[in-house]
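Below you'll find the structure, written out as structure tokens, and then a few comments.
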Amino acid sequence: MQIVKYLLISIFLLIFFQTSNAQRFPEPDFESGYEVPETQTIAPRALSWEYLDVVVLFIALSVMSWFVIKKRSRKGIFWTSIFSIIYFGVIRLGCVCSVGSIQNVTLSLFQSNYIIPITVIAFFALPLLFTLFFGRTFCAGVCFMGAVQDLVNIKPISIPTWLNKPLSAIPYIYLVLALLLAATGADFIICRYDPFIGFFRMNATFGMFVFGAVILILGIFIGRPYCRFLCPYGVLLNWMSRLSFWHTTITPSVCIQCKLCDTSCPVDAINKPVQIKPETIEKGRNRLITLFVLLPVFIVASGFLASRLYKPLSTIHPTVHLAEEIKWEQDNSKKTGSEDSKAFHSTGIQASQLFSDAGRIQHFFYYGTWIGGAFLGLFFGISLLKTSIVRRQEDYEPDKGNCVSCGKCYKYCPVPPTP
Amino acid sequence: MKKNTLTYLLIAGIVIGLIVLGNFFIKPNYNSKNENPYSLKIDSIGQIAAVDFCDVSYSKIDISLNKAIAIAVDKNNNTYISGDNKIIILSKNGTKTDEFATEITATALIVGDNILCAAFKNKVELFTLEGKPIKNWSDLSEKAYITSLAVIADQIFVSDAESALVYKYSMDGKLLQTIGSKADKNEMNSFILPSYYFDVAIAHDNSLWVANTGRHKLVNFDNKGKMLSFWGDTSSGVEGFCGCCNPSHFAIMSDGSFITSEKGIVRVKKYNSAGVFECALAGQEYFTENATGLDIAINTNDEILVLEPDASTLHIFKINN
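Quick note, the sequences are listed as chains Z and Y, same order. Converting from the first sequence to this note's numbering requires adding 401 to each position, the first position being numbered 1. Converting from the second sequence to this note's numbering requires adding 160 to each position, the first position being numbered 1.
Right, dumping it as structure tokens:
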């Protein structure tokens with residue numbers, strides 16, 4: 402298993418170097434009369450192949466869930482991960498991926514002229530449904546991004562709670578931003594800033610190459626840094642997993658509280674036994690009441706603060722960006738000379754029309770940032786509320802929300818499976 | 161059929177499929193009600209097989225004390241029992257013939273040649289057999305706790321559980337010798353006492369036996385305090401001793417056999433003079449649950465008197481030949 406792991410890491414490093422070479426050389430200037438052929442646009446994949454992808458996803462999720470819950474086989478999880486990297490990463494080049502599909506679904510809800518393919522809906526919904534039944538078995542290795550990080554995590558270290566908790570808030574912010582930009586049609590930032598997809602397609606920009614490399618190098622020591630501290634889809638999976646019917650367990654039978662699994666989780670997702678003292682309950686109750694009263698304040702304050710960002714955020718949208726450029730030209734009575742400006746002037750569309758469109762989009766951003774900010778305030782408030790609620794726990798159990806069902810804790814449990 | 165209907169049917173199909181998939185193929189076998197496979201199975205510990213029991217005659221006497229502590233017998237088979245700040249005297253047939261008050265309840269008793277020796281925590285006091293005080297001394301430390309006494313001729317051995325040492329005194333209270341070593345914890349004459357159970361007795365060859373309860377051993381010393389031998393195995397089996405401090409008490413029969421009592425696993429057993437297990441006189445069924453401090457005395461008829469402190473009961477065993 403170790404040899405395979407190192408081999409895969411070597412292959413990935415090789416891909417990085419190839420990727421970084423991809424756009425290094427400019428196109429040669431031919432003097433022999435050779436004509437450079439026109440750039441060909443690759444035809445979309447046949448629909449049947451798209452359906453095949455969905456079937457493969459369904460089977461992969463089923464097999465992974467079987468390995469995670471029924472067989473409790475880390476080896477099975479590992480080889481399913483390898484398959485996912487090869488099929489969804491190398492062959493399908495990571496598109497459509499479930500993580501990015503959030504944006505397609507959001508865009509389809511807000512833009513009536515965008516028709517979302519059924520396969521994209523399937524890629525969005527199937528992992529969520531499976532998570533609702535079996536926990537985050539999608540994250541275990543069907544998601545090729547999670548699988549890659551899982552493979553490189555050879556020297557896992559635990560992150561202290563004081564750092565882990567604040568970093569875990571980033572996916573919520575990222576999700577809100579991604580939804581807002583997707584809903585307005587401004588950008589698909591999850592895809593644009595996907596740290597791994599450039600490797601599989603061998604077309605990563607230098608910046609994204611560095612970003613991806615940093616994530617992978619961090620991933621050697623910190624279990625799944627992208628999944629835990631960035632992935633916006635992970636937020637939805639986290640919620641679903643908390644409600645899951647059959648979630649994996651550390652022990653195959655009964656927890657004997659031997660503490661052997663205490664530090665086994667690479668993503669720090671093991672809940673430890675908690676003894677509740679009467680004074681803890683008393684303190685917690687008082688703080689709970691205070692925070693509950695403050696919750697609306699958090700929501701409104703956070704919504705207000707976020708709404709102050711609506712103008713700079715809206716400039717990400719190309720229409721608003723263009724409108725600002727044209728406005729600047731009008732105010733300064735000169736042209737910027739940019740391609741966007743030239744293109745706009747060539748269309749003959751009135752600037753007032755452009756400004757009106759931009760205003761409408763900005764309006765959308767205004768309410769979007771309010772709602773998004775309020776959601777983040779709610780998240781912040783609930784996170785604080787949770788610190789005041791101490792639940793009695795007697796056994797070592799996976800944190801159903803954060804556990805990625807990687808199965809690395811299985812071997813630490815000395816209790817034999819029930820015959 | 162409308163496209164929307166098809167979509168809903170598809171979603172419903174997938175959900176039903178997942179339920180079926182989960183219930184029949186993926187659902188785990190285990191449940192949280194499984195038993196801990198590593199839990200200590202103590203049900204069978206302490207159970208004594210029928211073949212390991214001695215053939216004994218048994219009787220018991222209610223001694224009407226709230227809490228009895230120590231027991232001793234004299235050569236006329238009168239029994240002396242301390243409890244409730246007094247010492248009561250029972251005749252050979254078990255009827256109370258006399259009693260006398262003491263400042264506190266005696267923690268140990270032994271009868272010498274027409275003299276009753278009693279220990280009161282850190283004090284030793286000598287009485288006539290009728291209870292008249294003769295002499296006392298308390299040169300041990302304030303924290304000393306005397307758990308047992310043994311008498312030979314004009315010498316008295318005093319076991320102090322606090323210091324984990326045995327002191328030899330003359331009958332006029334002069335300290336003659338200290339037995340036991342604190343210097344080398346690996347030696348058998350270094351007494352390990354997790355709790356205050358530290359019995360001593362004199363064998364018929366006039367040698368001293370001391371219960372090294374933390375080590376589950378009985379250790380033999382000559383009159384000069386030199387260690388001669390020891391025996392005892394650590395085991396939860398009937399032939400050995402287990403727990404923190406066993407045998408908690410012992411006494412020696414006329415043929416040199418040992419009678420031991422244990423706490424934790426409550427039982428009374430007989431070993432021959434070489435320390436080989438012979439048979440069990442009594443198991444848990446004779447005593448109340450968690451009975452401790454079963455002091456033993458043996459009279460001239462080799463009747464074994466076992467005092468159960470909390471139940472205030474005197475159990476009498478006679479091994480049938």
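We put the CB at the ideal spot given by N, CA and C, even for glycine.
- Query: Does any residue of chain Z bring its CB to less than 8 Å from the CB of Leu178 of chain Y?
  - Reply: For the purposes of this step, residue 178 of chain Y is taken as the residue at position 18 of the second sequence. Yes, contact with chain Z.
- Query: With respect to the alpha helix (DSSP H) encompassing Val805 of chain Z, which residues constitute its N-terminal and C-terminal limits?
  - Reply: By 1-based counting over the first sequence, the position of residue 805 of chain Z is 404. It is not in any alpha helix (DSSP H) - Val805 of chain Z carries neither H nor E in the DSSP assignment.
- Task: Using a threshold of 8 Å, state whether the C-beta atoms of Phe525 of chain Z and Leu458 of chain Z are closer than that.
- Result: Within the first sequence, numbered from 1, the residue matching residue 525 of chain Z stands at position 124. Within the first sequence, numbered from 1, the residue matching residue 458 of chain Z stands at position 57. No, these two residues do not count as a Cβ contact at 8 Å.
- Rounded C-alpha distance that separates Ile790 of chain Z from Asn672 of chain Z: As a working mapping, residue 790 of chain Z is identified with position 389 in the first sequence. As a working mapping, residue 672 of chain Z is identified with position 271 in the first sequence. When rounded, the distance between both Cα atoms is 14 Å.
- Message: For Leu169 of chain Y and Lys736 of chain Z, what's the separation of their Cα atoms in angstroms?
- Response: One-based indexing of the second sequence puts residue 169 of chain Y at position 9. One-based indexing of the first sequence puts residue 736 of chain Z at position 335. Going by the C-alpha atoms only, they are around 57 Å apart.
- Query: Which residues in chain Y sit within 9 Å of Pro817 of chain Z, going by Cβ to Cβ distance?
  - Reply: Locating residue 817 of chain Z in the first sequence gives position 416, counting from the first residue. The contacting residues are Pro197.
- Query: Trp297 of chain Y bridges to which residues according to DSSP?
  - Reply: As a working note, residue 297 of chain Y is residue 137 in the second sequence. In DSSP, Trp297 of chain Y forms a bridge with Y:Val284.
- Message: At the level of alpha carbons, what is the spacing between Val497 of chain Z and Asn189 of chain Y?
- Response: As a first step, residue 497 of chain Z is located in the first sequence; it is residue number 96 there, counting from the start. As a first step, residue 189 of chain Y is located in the second sequence; it is residue number 29 there, counting from the start. Taking the straight line joining both Cα atoms gives about 35 Å.
- With DSSP as the reference, label Leu710 of chain Z as helix, strand or coil. Translated into positions along the first sequence, residue 710 of chain Z becomes position 309. In this structure, Leu710 of chain Z counts as coil in the three-state DSSP scheme.
- Item | Ser463 of chain Z: contacting residues in chain Y (beta-carbon distance under 7 Å) | Translated into the one-based positions of the first sequence, residue 463 of chain Z becomes position 62. Here the neighbours are Leu181.
- Using 8 Å as the limit for Cβ to Cβ distance, is Cys804 of chain Z near chain Y? Walking along the first sequence from the start, residue 804 of chain Z turns up at place 403. Cys804 of chain Z does not count as touching chain Y.
- Query: Who are the Cβ neighbours of Ala324 of chain Y in its own chain at under 6 Å, not counting the five residues just before and after it?
  - Reply: In the second sequence, the residue the question calls residue 324 of chain Y occupies position 164. Closer than 6 Å at the Cβ level, and outside the excluded window around Ala324 of chain Y, lie Phe351, Leu353.
- Leaving out five residues before and five after Ala759 of chain Z in sequence, what residues of the same chain have Cβ atoms less than 6 Å from its Cβ? Looking up residue 759 of chain Z in the first sequence gives position 358. The answer, listed in chain order, is Thr720, Val721, Ala724.
- Message: Quick check on DSSP: helix, strand or coil for Met387 of chain Y?
- Response: One-based indexing of the second sequence puts residue 387 of chain Y at position 227. Three-state result, Met387 of chain Y: strand.
- Which residues, in order along the region 594–623 of chain Z, keep a beta-carbon less than 9 Å from a beta-carbon of chain Y? Here the close residues number zero.
- Task: Please look up how many angstroms separate the CB atoms of Asn196 of chain Y and Val698 of chain Z, rounded, as I've assumed it's under 8 Å.
- Result: For the purposes of this step, residue 196 of chain Y is taken as the residue at position 36 of the second sequence. For the purposes of this step, residue 698 of chain Z is taken as the residue at position 297 of the first sequence. Not confirmed; about 48 Å, so no contact.
- Query: Just how far apart, CA to CA, sit Asn505 of chain Z and Phe589 of chain Z?
  - Reply: Taking the first sequence and counting its residues from 1, one reaches residue 505 of chain Z at position 104. Taking the first sequence and counting its residues from 1, one reaches residue 589 of chain Z at position 188. Approximately 8 Å, taken between the alpha carbons.
- Query: Would you say Ile174 of chain Y reaches chain Z, if we count a Cβ-Cβ gap shorter than 8 Å as a contact?
  - Reply: Working through the second sequence from its first residue, we reach residue 174 of chain Y at position 14. Judged by the 8 Å Cβ criterion, Ile174 of chain Y is in contact with chain Z.
- Taking DSSP as the reference, what is the three-state secondary structure of Asn380 of chain Y? Start at 1 with the first residue of the second sequence, and residue 380 of chain Y comes out as number 220. Secondary structure at Asn380 of chain Y: strand, using DSSP grouped into helix, strand and coil.
- Message: Tell me the DSSP secondary structure of Trp369 of chain Y in three-state form.
- Response: If you number the second sequence from 1, residue 369 of chain Y lands on position 209. Three-state result, Trp369 of chain Y: strand.
- Query: Going by the beta-carbon positions, is the gap between Ile186 of chain Y and Trp467 of chain Z smaller than 8 Å?
  - Reply: Taking the second sequence and counting its residues from 1, the one referred to as residue 186 of chain Y is at position 26. Taking the first sequence and counting its residues from 1, the one referred to as residue 467 of chain Z is at position 66. Taking 8 Å as the Cβ cut-off, Ile186 of chain Y and Trp467 of chain Z qualify as a contacting pair.
- Query: In three-state terms, what does DSSP make of Ile750 of chain Z?
  - Reply: The count along the first sequence starts at 1 and reaches residue 750 of chain Z at position 349. Here Ile750 of chain Z sits in coil by DSSP.
- Can you name the start and end residues of the beta strand (DSSP E) that Cys439 of chain Y belongs to? For the purposes of this step, residue 439 of chain Y is identified with residue 279 of the second sequence, where counting begins at 1. Taken as a continuous stretch (DSSP letters only), the beta strand (DSSP E) holding Cys439 of chain Y covers 437–442.
- Item | In DSSP terms, what His409 of chain Y is bridged to | Stepping through the second sequence from its first residue, residue 409 of chain Y is reached at position 249. Per DSSP, Y:Ser421.
- How would you label Ile750 of chain Z, buried or exposed, when you count the other beta carbons within 10 angstroms and need 16 or more for buried? Looking up residue 750 of chain Z in the first sequence gives position 349. Per the 10 Å Cβ criterion, exposed.
- Out of curiosity, what's the CA-to-CA distance linking Ala310 of chain Y and Val360 of chain Y? In the second sequence, counting from the first residue as 1, residue 310 of chain Y sits at position 150. In the second sequence, counting from the first residue as 1, residue 360 of chain Y sits at position 200. Ala310 of chain Y and Val360 of chain Y: Cα-Cα distance of roughly 6 Å.
- Identify whether His648 of chain Z lies in helix, strand or coil by the three-state DSSP scheme. Taking the first residue of the first sequence as 1, we reach residue 648 of chain Z at position 247. Coil.
- Message: To the nearest angstrom, how far is the alpha carbon of Ile231 of chain Y from that of Lys220 of chain Y?
- Response: As a first step, residue 231 of chain Y must be located in the second sequence, where it is residue number 71. As a first step, residue 220 of chain Y must be located in the second sequence, where it is residue number 60. Taking the straight line from one Cα to the other gives about 14 Å.
- Message: One question on the structure: do Lys283 of chain Y and Ala261 of chain Y come within less than 8 Å of each other, judged by their Cβ atoms?
- Response: Indexing the second sequence from 1 puts residue 283 of chain Y at position 123. Indexing the second sequence from 1 puts residue 261 of chain Y at position 101. The answer is no: Cβ separation not under 8 Å.
- Item | According to DSSP, residues forming a beta bridge with Ala228 of chain Y | Within the second sequence, residue 228 of chain Y is the residue found at index 68, counting from 1. Bridge partners of Ala228 of chain Y: Y:Gly243.
- Please classify Asp222 of chain Y: is it buried, with 16 or more other beta-carbons within 10 angstroms of its beta-carbon, or exposed? Walking along the second sequence from the start, residue 222 of chain Y turns up at place 62. With fewer than 16 Cβ atoms within 10 Å of its Cβ, Asp222 of chain Y is classed as exposed.
- Message: Going by the DSSP bridge assignment, what does Ile473 of chain Y pair with across the sheet?
- Response: Counted from its first residue, the second sequence places residue 473 of chain Y at position 313. The sequence shown places Thr at residue 473 of chain Y, rather than the Ile named in the question. Per DSSP, Y:Asp222, Y:Glu468.
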